[in-house]
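My numbering puts the first residue of the sequence shown at 4, with every later residue one more than the last.
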Amino acid sequence: MSHHHSGELPLNPAEARRVRAILAALVLPLLVATVVGLVALWPRGETPIGSVPLAGTGMTIEAGEVVEVLGADGDGGQVRVELSTGTGAGQVVPVQVPPEIMANGMGVGDELRLMFSPDAMGTGSPYVFWDFERSSPVWILVAIYAAVVLAVARWRGLAAMAGLGTSLAVILLFVLPALMLGHPPLLVALVGSGAMLFLSLYLAHGVSIRTTTALLGTFVGLAVTATLGVWGTGSANLTGAGSDQSLILAAQFPHLSLADLLLCGIVIAGLGALNDVTITQASAVWELHAANPALPRRRLFGQGMRIGRDHIASTVYTLAFAYVGTALPVLMVASLMDRALLDTLMAGEIAEEIVRTLVSSVGLVLAIPVTTAIAALLVSRAPARDRHRDGEIGPVRPSPAPPVTMAR
Numbered sequence: 004m005s006h007h008h009s010g011e012l013p014l015n016p017a018e019a020r021r022v023r024a025i026l027a028a029l030v031l032p033l034l035v036a037t038v039v040g041l042v043a044l045w046p047r048g049e050t051p052i053g054s055v056p057l058a059g060t061g062m063t064i065e066a067g068e069v070v071e072v073l074g075a076d077g078d079g080g081q082v083r084v085e086l087s088t089g090t091g092a093g094q095v096v097p098v099q100v101p102p103e104i105m106a107n108g109m110g111v112g113d114e115l116r117l118m119f120s121p122d123a124m125g126t127g128s129p130y131v132f133w134d135f136e137r138s139s140p141v142w143i144l145v146a147i148y149a150a151v152v153l154a155v156a157r158w159r160g161l162a163a164m165a166g167l168g169t170s171l172a173v174i175l176l177f178v179l180p181a182l183m184l185g186h187p188p189l190l191v192a193l194v195g196s197g198a199m200l201f202l203s204l205y206l207a208h209g210v211s212i213r214t215t216t217a218l219l220g221t222f223v224g225l226a227v228t229a230t231l232g233v234w235g236t237g238s239a240n241l242t243g244a245g246s247d248q249s250l251i252l253a254a255q256f257p258h259l260s261l262a263d264l265l266l267c268g269i270v271i272a273g274l275g276a277l278n279d280v281t282i283t284q285a286s287a288v289w290e291l292h293a294a295n296p297a298l299p300r301r302r303l304f305g306q307g308m309r310i311g312r313d314h315i316a317s318t319v320y321t322l323a324f325a326y327v328g329t330a331l332p333v334l335m336v337a338s339l340m341d342r343a344l345l346d347t348l349m350a351g352e353i354a355e356e357i358v359r360t361l362v363s364s365v366g367l368v369l370a371i372p373v374t375t376a377i378a379a380l381l382v383s384r385a386p387a388r389d390r391h392r393d394g395e396i397g398p399v400r401p402s403p404a405p406p407v408t409m410a411r
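As structure tokens, then:
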């Protein structure tokens, strides 16, 4: 029996048909529910996206390059910028820069974005620092990322990037507009997550028994995450109103529950890690079975879980480190306060991320044994007569005796 690496199990045609029928019975209702949810919740008509002007009336955002740094003082600093856009293109103008920007580095050659206010022409400072221009370095990093993925993973890497692109499209075209129009955040999160799972998994790994097994395990983890998220945010009285962005959203969308929006973020945040562990776990069981088709399902599950426990150990602290890295400024500000460590951890913004990490981790951990069990149940054992072909010792058969020749 040969090893299969294409995503399909080494099953005979009858077994393959049985397995596909079982998986179809489980997956098709999920697919139908996702499609119905997309149709019912799809944002129609005008959406608020792009409705808030970036600058005031008559103001524009222009680009330029720093040609001279004049120095810094307590109120910031001043640089001279050669404009590359707008009516003043080619001119060199003074620009006032905030002190925190000057303190973190401003040099000749930096590309800036400036806000131009015609009403301030009389003051001599109509251009104000707005932000750095970052398009070039970001696109270079995108090109490096794509080149590395294609070089190492080849066509599979291209398919994975296509899955990532379609998932981001679901966020931009469905999730964000639907939330802004007042659709229930939890339903939007579940439907959007289902769409992203179908698109990303099947595009990246192909339509196969192996991928569908991972998909089922991921949906179980998603359901656990959503259920615990509902309980965790409610019982811990997490409001989602601890950041400046939340206050802006509350003003723009009075109908939007910030606590529900927090729950929506918790559900979506766990998808990446769930996809990772379930597809890897399904592949591990497949490879164990291919190496020894006669392995009983119970032992196959046990050996798969040995690998799964390593996944659990690594992903649990991965999620925690990811939070600590992104929330380092919040943690530093919170640690300045004269209060007990436990009180610091229970503060609003920090408690939200702790609950997010714990809920996502529980869903991730439970998805591993579920995926392993599904994969182990789907495989079929090789007949006893075929075991020796895959490395097991078969029945010992006496070798024929060499012919005996009589000496003359």
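Even glycine gets a Cβ: it sits at the ideal position worked out from N, Cα and C.
In this text the structure is predicted, and so the values were computed from the model without any measurement.
Residue i - DSSP class collapsed to helix/strand/coil
i: residue 134; result: strand
i: residue 298; result: coil
i: residue 23; result: helix
i: residue 160; result: helix
i: residue 342; result: coil
i: residue 47; result: coil
i: residue 73; result: strand
i: residue 80; result: strand
i: residue 3; result: This structure gives no information on residue 3, because the portion of the chain shown stretches from 4 to 411.
i: residue 308; result: helix
i: residue 244; result: coil
i: residue 324; result: helix
i: residue 316; result: helix
i: residue 106; result: helix
i: residue 53; result: coil
i: residue 256; result: coil
i: residue 112; result: coil
i: residue 210; result: coil
Buried or exposed by the 16-neighbour rule on C-beta atoms within 10 Å, applied to residue i
i: residue 47; result: exposed
i: residue 371; result: buried
i: residue 84; result: buried
i: residue 110; result: exposed
i: residue 201; result: buried
i: residue 258; result: exposed
i: residue 124; result: exposed
i: residue 102; result: exposed
i: residue 28; result: exposed
i: residue 344; result: exposed
Residue i versus the options, residue with shortest Cα-Cα distance
i: residue 351; options: 275, 169, 39 and 240; result: 240
i: residue 185; options: 23, 326 and 49; result: 49
i: residue 326; options: 236, 95, 272 and 110; result: 272
i: residue 191; options: 207, 263, 120 and 101; result: 263
i: residue 353; options: 379, 275, 334 and 292; result: 334
i: residue 139; options: 147, 132 and 289; result: 147
i: residue 207; options: 275, 305, 174 and 270; result: 275
i: residue 118; options: 136, 176, 105 and 339; result: 136
i: residue 382; options: 94, 152, 307 and 343; result: 307
i: residue 171; options: 189, 160, 211 and 195; result: 195
i: residue 281; options: 297, 301, 310 and 261; result: 310
i: residue 210; options: 344, 159 and 342; result: 159
i: residue 312; options: 373, 290 and 300; result: 373
i: residue 197; options: 33, 23 and 26; result: 33
i: residue 235; options: 356, 347 and 82; result: 356
i: residue 289; options: 90, 379 and 220; result: 379
i: residue 53; options: 300, 107 and 175; result: 175
i: residue 247; options: 261, 26 and 116; result: 261
i: residue 104; options: 132, 86, 41 and 114; result: 132
i: residue 116; options: 341, 177, 57 and 292; result: 57
i: residue 188; options: 155, 154, 145 and 232; result: 232
DSSP beta-bridge partners of residue i
i: residue 64; result: 118
i: residue 94; result: Looking at the DSSP assignment, residue 94 forms no beta bridge with any residue, so it has no partner.
i: residue 85; result: 68 and 95
i: residue 220; result: Note: residue 220 sits in no beta bridge, so no partner.
Within-9 Å CB hit, residue i to chain D
i: residue 360; result: Absence of chain D from the displayed structure is noted, only one protein chain being present.
query = Are the stretch 60-73 and the stretch 216-236 touching, with three or more C-beta to C-beta distances below 8 Å?
reply = Fewer than three beta-carbon pairs drawn from the stretch 60-73 and the stretch 216-236 are found closer than 8 Å, and the two stretches are therefore not classed as touching.
message = For the stretch 15-22 against the stretch 155-170, do three or more pairs of beta-carbon atoms, one drawn from each stretch, fall closer than 8 Å, so that the two count as touching?
response = Flag = no, the stretch 15-22 and the stretch 155-170 do not touch.
query = With contact counted as at least three CB pairs below 8 Å, one residue from each stretch, are the stretch 356-372 and the stretch 309-321 in contact?
reply = yes
ask   = Using 8 Å as the Cβ pair cut-off and three pairs as the minimum, do the stretch 32-47 and the stretch 168-183 touch?
value = yes
Inter-stretch contact (C-beta, 8 Å, three-pair minimum) for the stretch 211-218 and the stretch 278-287 = Between the stretch 211-218 and the stretch 278-287, the count of Cβ pairs shorter than 8 Å is three or higher; the stretches touch.
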